[in-house]
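Position 51 (the sequence shown) corresponds to 50 in numbering that gives the first Met the number 0; numbering is contiguous. No residue lacks a Cβ here, since even glycine has one placed at the ideal position from N, Cα and C. Contents: one structure, followed by commentary.
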Amino acid sequence: MPLNVDLLKRLCEAPGIASYETSVRHLVRSELSGIVDELRVDTMGSLVGLKRGEGNRRVMLAAHIDEIGFIVKHVEDEGFIRIHNVGGFDPRTLVAQRVIVHSSHGGALRGALMPESKPIHLQSADDSKPPKLEEFFVDVGLPGSQVRELVDLGDMVTLDRTAEVVGDCVMSKAMDDRVGVFVMLEALRQVGSHRVDILAVATSQEEVGLRGATTAAFGLEPHIGVALDVTLAMDTPGAGKAATVSKLRGGTAIKLMDSSLICHPKLVRHFRDLAELHSIPHQLEILPRGGTDGGAIQRSRAGVPSITISIPTRYVHTVDEMVAITDVEATIALLARFLEDAHTRDYSL
Numbered sequence: 000m001p002l003n004v005d006l007l008k009r010l011c012e013a014p015g016i017a018s019y020e021t022s023v024r025h026l027v028r029s030e031l032s033g034i035v036d037e038l039r040v041d042t043m044g045s046l047v048g049l050k051r052g053e054g055n056r057r058v059m060l061a062a063h064i065d066e067i068g069f070i071v072k073h074v075e076d077e078g079f080i081r082i083h084n085v086g087g088f089d090p091r092t093l094v095a096q097r098v099i100v101h102s103s104h105g106g107a108l109r110g111a112l113m114p115e116s117k118p119i120h121l122q123s124a125d126d127s128k129p130p131k132l133e134e135f136f137v138d139v140g141l142p143g144s145q146v147r148e149l150v151d152l153g154d155m156v157t158l159d160r161t162a163e164v165v166g167d168c169v170m171s172k173a174m175d176d177r178v179g180v181f182v183m184l185e186a187l188r189q190v191g192s193h194r195v196d197i198l199a200v201a202t203s204q205e206e207v208g209l210r211g212a213t214t215a216a217f218g219l220e221p222h223i224g225v226a227l228d229v230t231l232a233m234d235t236p237g238a239g240k241a242a243t244v245s246k247l248r249g250g251t252a253i254k255l256m257d258s259s260l261i262c263h264p265k266l267v268r269h270f271r272d273l274a275e276l277h278s279i280p281h282q283l284e285i286l287p288r289g290g291t292d293g294g295a296i297q298r299s300r301a302g303v304p305s306i307t308i309s310i311p312t313r314y315v316h317t318v319d320e321m322v323a324i325t326d327v328e329a330t331i332a333l334l335a336r337f338l339e340d341a342h343t344r345d346y347s348l
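Set out below in structure tokens:
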């Protein structure tokens, strides 16, 4: 079955920074409603679906719906909008990007994201320094009086970029982690007979500290945690082979560790065995910096055996996050096979 690129595109293009995930949550809810037996939204804004098995073991899947973005913090007299980041950005990638200001009064304003600087025609050697995040502003092309009527402090600002097929890849803003959400949805469609209860959680506020997964795991008390997220594909010029975390077209990435968790060794072995048994392309991954929802689940209550399964992604935390279609397909297949087999092993140490 060919990859449902249209769904992945709709997921990536839906706006939703941490705590402002309403639009993408509605989209995910509409997709989950025909797959799971129960569906609800928790206090933190995470969407929780239950696909029943035999009720003896609960597996929590976590894929976060929030993207990195900004909120409005000030409107200058001239109409320029000052912003505060929600999530981590490399300021070098933001110069002259287009953004959308989502007005709380309704509607959206397209604008240019620019740093305080002189045009290149007027710059001297001393002016060519990397911009800082606090120097950026948004120009929506309107005078200050109109901007103040349309824009409130706290309004969401997202990057303005569509999802596109590029060669044998898909490139978009917010691939982190809408592709993980996509994998969760498609694996639930493909899974066959399963004995475990599957808790499919589209988590909120991951980009600001794994917050939605933390509270969801506490309330759901899973026996196993599986986070779905992107990882760095360092197979591009300038990265260096020794720093290669993963590579595109190398298959799904079975994580060994990141900054938030060391994956449970028996879960790592289970996923590796299933990948080999079913001839699913895969690679092992160590992410030196950066965390995932798996870390939040692992430390919930008295602890949960947890792992993260990753989709290799180039240019993470930019508007051009790129994944290979074959890697996405491999991740879907491996997750589906695990859910069918998740009742068979003992993860006690």
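Assigned exposure category for residue i - 16 Cβ within 10 Å defines buried
i: Leu121; result: Low per-residue confidence applies at Leu121: pLDDT is 47, beneath 50, and the placement is therefore not dependable, though the value from the model is reported in the following sentence. Classification for Leu121: exposed.
i: Glu206; result: buried
i: Phe217; result: exposed
i: Tyr19; result: buried
i: Ala335; result: buried
i: Gly211; result: buried
i: His25; result: exposed
i: Arg160; result: buried
i: Val71; result: buried
i: Val94; result: exposed
i: Ser245; result: buried
i: His281; result: buried
i: Gly249; result: buried
i: Pro287; result: exposed
i: Ser278; result: exposed
i: Cys11; result: buried
Proximal residues to residue i (C-beta, below 6 angstroms), its chain only, five neighbours per side dropped
i: Val40; result: Leu46
i: Arg97; result: Asp159
i: Asp151; result: Ser103
Boundaries (first-last residue) of the beta strand (DSSP E) holding residue i
i: Gly224; result: Ile223 to Leu231
i: His101; result: Gln96 to His101
i: Leu276; result: Looking at the DSSP string, Leu276 is not in any beta strand (DSSP E); the run it does join, the alpha helix (DSSP H), is Pro264 to Leu276.
i: Thr307; result: Ser305 to Thr312
i: Ala374; result: With the chain covering 0 to 348 only, the question about residue 374 has no answer from this structure.
Sequence-distant residues of its chain with Cβ nearer than 7 angstroms to residue i (five each side left out)
i: His367; result: Past the edges of the chain, shown from 0 to 348, lies residue 367, and the structure says nothing about it.
i: Tyr314; result: Glu320 and Met321
i: Arg300; result: Phe217 and Glu220
Beta-carbon separation (whole angstroms), residue i vs residue j, contact threshold 8 angstroms
i: His104; j: Pro14; result: Incorrect: roughly 16 angstroms between the Cβ atoms, too far for contact.
i: Ala329; j: Thr251; result: 4 angstroms
i: Val178; j: Ile285; result: No, Val178 and Ile285 are not in contact; Cβ-Cβ is about 20 angstroms, not under 8 angstroms.
i: Gly224; j: Gln297; result: 6 angstroms
Extent of the continuous alpha helix (DSSP H) to which residue i belongs
i: His342; result: Note, His342: premise wrong, no alpha helix (DSSP H); not H, not E.
i: Met174; result: Met174 to Gln189
i: Gly297; result: At residue 297 the sequence reads Gln, which differs from the Gly that was named. Unbroken alpha helix (DSSP H) run through Gln297: Asp292 to Gln297.
i: Phe69; result: Per DSSP, Phe69 belongs to no alpha helix (DSSP H); it is in the beta strand (DSSP E), Gly68 to Val74.
i: Asp5; result: Val4 to Glu12
Chain D contact for residue i (CB, 9 angstroms cutoff)
i: Glu133; result: The chain labelled as chain D is not found in the depicted structure, where only one protein chain is given.
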